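Residue numbering for the sequence shown follows my numbering, starting at 489 and increasing by one per position. Beta carbons: idealized from backbone N, C-alpha and C, even for Gly. Bear in mind the structure is a predicted one, so any value in this text is a computation, not a measurement.
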Amino acid sequence: METLNDTLFLWINGAVPSTAALLLGRFLANDLIYLFPLYLALNWLRADTAGREALLQAAVSAAIAMLLSWAISKVWFHPRPFVVGLGHLHMHHAPTASFPSNHLSFVWAVCAGLALHPARRTAALLLALTGLPIAWARIYMGVHFPLDMAGAMLTALAAAGIGLPLRGTLVPALRRCIEPAYRLIFAWPIRLGWARA
């Protein structure tokens, strides 16, 4: 399995990238992830009660995925490619655990959490596809192995499964806690009809 992982990594990792490829790789690897919390925040402004609970379900799944990813890295530490001298590193990164990818665990957990709600499944699929260039870029830039991405997908699915029983308990409670503060902070946009109360 390690041999396959190394071989796939070397196929994808940028050996002699152009300046444009490096700029694109850095953007995809580091910045595209911000689309996901932005999606959750902006959709909250116009969502009804069910929609907000779907968004919170996605956030809960992402939080669980981060905990799972941290626990996995403590139980089984797998070094990053540049730590073992494999391939080419094109961006700075601390020598933390490689498996699973935190970025993709977060991204795909948001998508898996959204997919638990039928009205959000199309958005979940589109966002999940957006995760693919992030996965490619993090391998291309030399900070992850391909199997780190497979591990991230499994971590995300497990996180959504763990979060599923919370849909009728924690998620509504979170919504009830957040909404008063939200209504206070966004009172002006709500009055103008730009956001839903």
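Distances from the CA of A582 to each of P569, S593 and G575 were compared; the closest alpha carbon is that of P569. For G513, the enclosing alpha helix (DSSP H) stretches over residues T507 to R514. Within 10 angstroms of the beta-carbon of L672 lie fewer than 16 other beta-carbons, which makes it exposed. Annotation for P621: the continuous alpha helix (DSSP H) segment containing it runs R609 to Y628.
If the five residues before and after T643 are omitted, its C-beta is found closer than 6 Å to the C-beta atoms of A553, L556, S557, P588 and S593, all from its own chain and listed in chain order. For I560, the uninterrupted alpha helix (DSSP H) segment begins and ends at T537 to V563. By the CB criterion at 9 Å, A546 and R608 fall inside the cutoff.
Distance from V548 to L658 at the Cβ level is roughly 7 Å; contact confirmed, criterion being Cβ atoms closer than 8 Å. Here the alpha carbons of A623 and L533 stand approximately 29 Å from one another. By the Cβ neighbour-count rule, I666 is exposed, with fewer than 16 other Cβ atoms within 10 Å of its own. At a Cβ-Cβ threshold of 9 Å, A616 and F515 do not count as neighbours. If you look at T584, you'll find it isn't in any alpha helix (DSSP H); DSSP assigns it neither H nor E.
Residues of the same chain with a CB within less than 8 Å of the CB of W682, apart from the 5 flanking positions on each side, are L533 in chain order. Counting C-beta atoms within 10 angstroms of its own C-beta, L620 has fewer than 16 neighbours from the protein chains shown and is therefore classed as exposed. The alpha-carbon separation between A585 and A517 amounts to approximately 17 Å. Of the candidates T491, F565, V504 and G601, the residue whose Cα lies closest to the Cα of M641 is G601.
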